[in-house]
Each structure stands twice: as C-alpha cells, then as structure tokens.
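Trainee: Residue numbers (this note's numbering), protein chains in the order written: chain A, 1 to 193; chain B, 1001 to 1216.
All C-beta atoms in this analysis are idealised placements derived from N, C-alpha and C, irrespective of residue type, glycine included.
Note that the structure is a prediction, hence the values are computed from the model and not measured.
Here's a structure for you.
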C-alpha cells in the first residue's frame, strides 16, 4: 500500500505519465482509430470503461493469487479476465444500445489486445495500490487515453486537407504528430510529482 | 500460402519484405517503449522472437485440435505461458535488465505481431514452415528494434551498448532518450522505407516503359 493521494494518482496517470504518449501503451488503436474525432471519443469511452472493470477484477485476482501463493499465474489470469470483460461489455452494449454497438464495430473486440489495459493491471499491481487507488488510477489512465486519442484525431482531421510530401503520408506522419504531442505532454512534468 | 515457396523464402520475407515493424507496423508498443538503448532493444527483440517462435510451433502443431470458436483464447493462453517463462528467465539471468524492461516483458502477451502470426500463418501451415516463419519474423522484429535502439542511444547518449562513441564535447540529444524521441526515430525509419519503396516502384515503372518502347 502506497500513500499517494488520489489526486496525485489521477494527474499522474492522465497527464504526466500519459499511457499513450509516455508509456507507449495502446499505440495500435491510437494510430488505427484516430482518423475521425467521433470514433476516437467513443473508443476512448469504451476503453475507459473496460479499464475500470478490469482494474477492479485485477485487484481481486491479485489478492486471491497472493493468498493461494501462485503469483506466476498472474499474467494468464489477467489476460483471461480482460478477454471475458471485453466479451461482457460487448454483449451489454449490444443489448442496451445497438446503435453504439454498430458504431464501435470491430474495435470493441480488439480492446482485448490493447496493451494499455493489461499494462494498467500490471502497473497497479507493481505499485501496490489499494482498492480506491486502483479505481482512481484506472479512471486517470482512461481519461489520459481518451484525451490523447481525441487530440490526435483533431490534428489528423485538419491534416487531411493539408498538402504534405507523398513520402510522409500515413503512419510516418501520424508518428511525427504523436512525437510532437508527446513533447507537449512533457510540459506537465512537474504537476503530479 | 503458395506451396512453391521454400522454407527459406518464409524465413527471408520476415527480415525484409514483410518486416513486422517497418513494413507491417505491428507490435508498436514495445518497439517504442524499450528502444531507448541498444541493449534493452536487443533483449526485448530476442525475448519477443523466442515467444513468437515457440508459440508458432505449438499453435501449428495443435492446429487440427483447436476448435475454431475458441482459437483466439487458446492462442492467448499459449502465448501467455511462454511469456511467463521468459519473464522468469530474464528475472533470474539479469536483474538489471529485468528492471529496465519492467512490465513490458509481460506485455509481450498483447503484442499484436505474435497473435497475428499465430492466426494468419501458424494455424494454417506445417510445423516446419511455421518455425521458419517465426524465426524470420522474430529476427526481423529484433533487427528493427535494434535499429531504433541504436539510433536513439547514439544520438541521445553518445554511446552504443554503453560504450562512449564521441568526445566529451558531444552535445547529447536528450529528446531522443525521452518518449518523444521514440516516435521521431520510428517516423524517420518509416520515411526511409517509404522513400526506398517509392524509388523502387518508380524504377520498375520506367524500366517496363523502356522495354515497351523497345518492343514497339
């Protein structure tokens, strides 16, 4: 149990150590889903939700695994939980809001292989966060992920109209924008400590 | 997969034509995160290559037993098993390296490259072929990681594998070691590859045009 205040944890996860721009987690959806603002924000919402649920589950699993003295099962248990959480969320959204389900499409099942989520579960275990801290950490990470995705989508929508050399079209340019964003986020460095 | 392809072809394609990082842009997260020094990058590349080869072998040898509906879950479990092995081996062999790579060893599980090869190649091909494919892709991945790590370490720290390369007066590009440097370096390599590809395409276009003229 560490005694970081909840506010520090939130700022740290969302801005200072932004999951996408400082830890490089979830780069695949970051590059893949960030071409439209609309999809980007929805994806951010879905990822935040899965993060929250899997963070709570991971906390429970970690406590259980320590209790039965089998920490080597951590990775396998986490990934199994995340996969089933995503499956649950998928069924839930399909039932409650078919429109949202259609607009998310293939990206929903792909959240399983989003390393930001497994990364979150592993980091919170390594840092030894308590239950409430885990929830705040998950919310912060989700907010940071959404922020990065939306910023990136906004920039890319503008760049669609700009004239750039042929060679830089596509991933190379997206990476350069991400690099600049990452430099910008370094400005938050002193905030959370 | 065309049967005329020899297993050497499967090996070579991962190194260059279908290089997982520079051409397919798969498995980006570890590529950017741990490539701040050449040593870290190489270790990560080799760990990933090992997991890739082993999971390719297991998946291809079990391919007729795995039911189609639960195949993804099965693949992930197979991969997670090997990642756990690698995780504990690295921890036992070099604690410093383990600390430097941190959670990213465990994150090999969700590297889309490994799951991608299991689904796209190993589940449809023989064990021998899949092994070659895993070897090629794995070495290609490690090579790409090393390229990134070397550039970042040389520019950001003025050294390679920890040995200083320049005189003391060399001004270090600190930004290269920082996260943003990872994005910039990869963008640079991708630009180079795009440029090479375009130049090749242009050359082929002009030679075929020349041939047509000669025929006419």
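Taking residue 113 of chain A as the reference, which of A:26, A:9, A:21 and A:13 has the closest Cα?
Mentor: Against the first chain, residue 113 of chain A aligns to sequence position 113. It is A:26 whose Cα lies nearest to the Cα of residue 113 of chain A.
Trainee: If contact means a Cβ-Cβ distance below 7 Å, which residues of the region 1183-1200 of chain B contact chain A?
Mentor: 1183, 1184, 1186, 1187, 1190, 1191, 1194, 1195 and 1198
Trainee: Tell me, to the nearest whole angstrom, how far the beta carbon of residue 1021 of chain B is from that of residue 1144 of chain B; I am working on the premise that it is less than 8 Å.
Mentor: Taking the second chain and counting its residues from 1, the one referred to as residue 1021 of chain B is at position 21. Taking the second chain and counting its residues from 1, the one referred to as residue 1144 of chain B is at position 144. Indeed, because the Cβ distance is near 4 Å, the residues count as touching under 8 Å.
Trainee: Measure how close the beta-carbons of residue 1137 of chain B and residue 1007 of chain B come, nearest whole angstrom, since I'm counting them as under 8 Å.
Mentor: Along the second chain, read from residue 1 onward, the residue named residue 1137 of chain B stands at position 137. Along the second chain, read from residue 1 onward, the residue named residue 1007 of chain B stands at position 7. In fact, because the Cβ distance is near 13 Å, the residues do not count as touching under 8 Å.
Trainee: Measure how close the beta-carbons of residue 1113 of chain B and residue 175 of chain A come, nearest whole angstrom, since I'm counting them as under 8 Å.
Mentor: Counting from one through the second chain, the residue named residue 1113 of chain B turns up at place 113. Counting from one through the first chain, the residue named residue 175 of chain A turns up at place 175. So it is not a contact: roughly 17 Å between Cβ atoms.
Trainee: Take every Cβ of the region 169-186 of chain A, pair it with every Cβ of the region 1094-1108 of chain B, and state whether three or more of those distances are shorter than 8 Å.
Mentor: Taking 8 Å as the limit for Cβ pairs, the verdict is that the region 1094-1108 of chain B does not touch the region 169-186 of chain A.
Trainee: Within the chosen definition, does the region 1083-1102 of chain B reach the region 86-93 of chain A through at least 3 CB pairs nearer than 8 Å?
Mentor: no
Trainee: Say whether chain B places a C-beta atom closer than 8 Å to the C-beta of residue 55 of chain A.
Mentor: Numbered from its first residue, the first chain carries residue 55 of chain A at position 55. No, residue 55 of chain A lies away from the interface with chain B (no Cβ there is under 8 Å from its Cβ).
Trainee: Taking the runs of the alpha helix (DSSP H) that are 4 residues or longer, which of them lie wholly in the region 1084-1150 of chain B?
Mentor: Look at the region 1084-1150 of chain B and you find these whole runs of alpha helix (DSSP H), each 4 residues long or longer: 1095-1101 and 1112-1117.
Trainee: Report yes or no: do the region 1120-1135 of chain B and the region 1023-1039 of chain B share at least 3 C-beta pairs separated by less than 8 Å?
Mentor: no
Trainee: Let me make sure I understand the geometry here. Which of A:45, A:161 and A:138 has the alpha-carbon closest to that of residue 17 of chain A?
Mentor: In the first chain, the residue the question calls residue 17 of chain A occupies position 17. The residue with the shortest Cα to Cα distance from residue 17 of chain A is A:138.
Trainee: Looking at the C-beta of residue 23 of chain A, does it have a partner C-beta in chain B at a distance below 8 Å?
Mentor: Mapped onto the first chain, residue 23 of chain A falls at position 23. Judged by the 8 Å Cβ criterion, residue 23 of chain A is in contact with chain B.
Trainee: For the region 73-112 of chain A, list the alpha helix (DSSP H) runs that are entirely contained and at least 4 residues long, ordered along the chain.
Mentor: List check, alpha helix (DSSP H) in window: 74-96, 98-104 and 107-110.
Trainee: If you draw a straight line from the alpha carbon of residue 1116 of chain B to that of residue 1124 of chain B, how long is it in whole angstroms?
Mentor: Numbered from its first residue, the second chain carries residue 1116 of chain B at position 116. Numbered from its first residue, the second chain carries residue 1124 of chain B at position 124. Roughly 12 Å separates the two Cα atoms.
Trainee: Would you mind giving the Cβ-Cβ distance between residue 150 of chain A and residue 44 of chain A, rounded to the nearest angstrom? I have them listed as a contact below 8 Å.
Mentor: Locating residue 150 of chain A in the first chain gives position 150, where the first residue counts as 1. Locating residue 44 of chain A in the first chain gives position 44, where the first residue counts as 1. Confirmed, Cβ separation roughly 6 Å.
Trainee: How would you call residue 1036 of chain B, buried or exposed, if buried means at least 16 neighbouring beta carbons within 10 angstroms?
Mentor: Walking along the second chain from the start, residue 1036 of chain B turns up at place 36. With 16 or more Cβ atoms within 10 Å of its Cβ, residue 1036 of chain B is classed as buried.
Trainee: At least one CB of chain B closer than 8 Å to the CB of residue 12 of chain A: is that the case?
Mentor: For the purposes of this step, residue 12 of chain A is identified with residue 12 of the first chain, where counting begins at 1. For residue 12 of chain A, the answer is no, since every Cβ of chain B falls outside 8 Å of its Cβ.
Trainee: Whose C-beta lies closer than 6 Å to the C-beta of residue 1054 of chain B among residues of the same chain, with five residues either side of it excluded?
Mentor: As a first step, residue 1054 of chain B is located in the second chain; it is residue number 54 there, counting from the start. Taken in chain order, the residues that qualify are 1082.
Trainee: Measure how close the beta-carbons of residue 167 of chain A and residue 1069 of chain B come, nearest whole angstrom, since I'm counting them as under 8 Å.
Mentor: On the first chain, residue 167 of chain A is found 167 positions in, with the first residue counted as 1. On the second chain, residue 1069 of chain B is found 69 positions in, with the first residue counted as 1. Not confirmed; about 43 Å, so no contact.
Trainee: If the cut is a Cβ gap below 8 Å, which residues of chain B does residue 123 of chain A touch?
Mentor: Residue 123 of chain A sits at position 123 when you count from the first residue of the first chain. In chain order: 1103.
Trainee: Quick one: what does DSSP say residue 1208 of chain B is sitting in, helix, strand or coil?
Mentor: Counting from one through the second chain, the residue named residue 1208 of chain B turns up at place 208. DSSP places residue 1208 of chain B in helix when its eight states are reduced to three.
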